[in-house]
Amino acid sequence: MSTWHALYYPLLPGSEDIVKELFRKSGRPDFDVRTPDGTVVGKLLGTQAFVGKELAVRVIEIEGPLPLVAAHMSQQPAVRAFERELEKHLAVPRDMTSREGAQAFFRLASMENVLSRRHDQPIEGE
0 MSTWHALYYP
10 LLPGSEDIVK
20 ELFRKSGRPD
30 FDVRTPDGTV
40 VGKLLGTQAF
50 VGKELAVRVI
60 EIEGPLPLVA
70 AHMSQQPAVR
80 AFERELEKHL
90 AVPRDMTSRE
100 GAQAFFRLAS
110 MENVLSRRHD
120 QPIEGE
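Numbering (numbering that gives the first Met the number 0), first residue to last: 0 to 125.
Structure below.
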């Protein structure tokens, strides 16, 4: 079963068009999350990005434990390059160079999925 997660990025005023292009041109990471012996333990199923006035939101659908998927993604060259460029346009500075800094960013920027509804699934309790 997959889960959805989102991150909120407060942007500098006027940087929206640049950030849109950064998302559009961002590279593709390795979607399989593997242990050191090569066993697949998770997967990035999809990514969506939304950019509005002074904010961006990245939504991901994954299989597997979020901490393992996040650790895997943080080591992907395409993701690292994107994050470096995005850093220049963020209204709130962050430290992604240390584990503690990255954890602080994720605590601040993580958004809880409170609804995921599909047309072909009944609403619980009905």
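The beta carbon of each residue, even a glycine, is placed where N, CA and C say it ideally should be.
Beta-carbon gap between residue i and residue j smaller than 9 Å
{"i": "Pro28", "j": "Leu6", "result": "no"}
{"i": "Val68", "j": "Val113", "result": "no"}
{"i": "Ser73", "j": "Met95", "result": "yes"}
{"i": "Gly41", "j": "Pro76", "result": "no"}
{"i": "His88", "j": "Ser25", "result": "no"}
Simplified DSSP state of residue i, which is helix, strand or coil
{"i": "His118", "result": "coil"}
{"i": "Arg79", "result": "helix"}
{"i": "Arg98", "result": "helix"}
{"i": "Ser73", "result": "helix"}
{"i": "Val32", "result": "strand"}
{"i": "Glu15", "result": "helix"}
{"i": "Glu123", "result": "coil"}
{"i": "Arg23", "result": "helix"}
Integer Cβ distance of residue i from residue j, believed to fall under 8 Å
{"i": "Phe81", "j": "Leu11", "result": "Between Leu11 and Phe81 the Cβ distance is about 17 Å, and since that is not below 8 Å, they are no contact."}
{"i": "Ala90", "j": "Glu53", "result": "7 Å"}
{"i": "Ile61", "j": "His118", "result": "Contact flag wrong, Cβ pair sits at about 22 Å."}
{"i": "Ala55", "j": "Val18", "result": "5 Å"}
{"i": "Arg106", "j": "Gly100", "result": "Not quite, the Cβ-Cβ distance comes to about 11 Å (not below 8 Å), so this is no contact."}
Residues sharing a beta bridge with residue i, DSSP
{"i": "Ala55", "result": "Tyr8 and Val50"}
{"i": "Met110", "result": "Ala5"}
{"i": "Ile61", "result": "Thr2 and Leu43"}
{"i": "Leu89", "result": "Leu10"}
Which listed residue (the options) has its alpha carbon closest to that of residue i
{"i": "Glu111", "options": "Val58, Arg93, Phe49 and Gly37", "result": "Val58"}
{"i": "Tyr8", "options": "Leu85, Ser1 and Ala70", "result": "Leu85"}
{"i": "Thr34", "options": "Thr46, Gly51, Glu123 and His71", "result": "His71"}
{"i": "Val39", "options": "Gly45, Phe30, Asp16 and Gln47", "result": "Phe30"}
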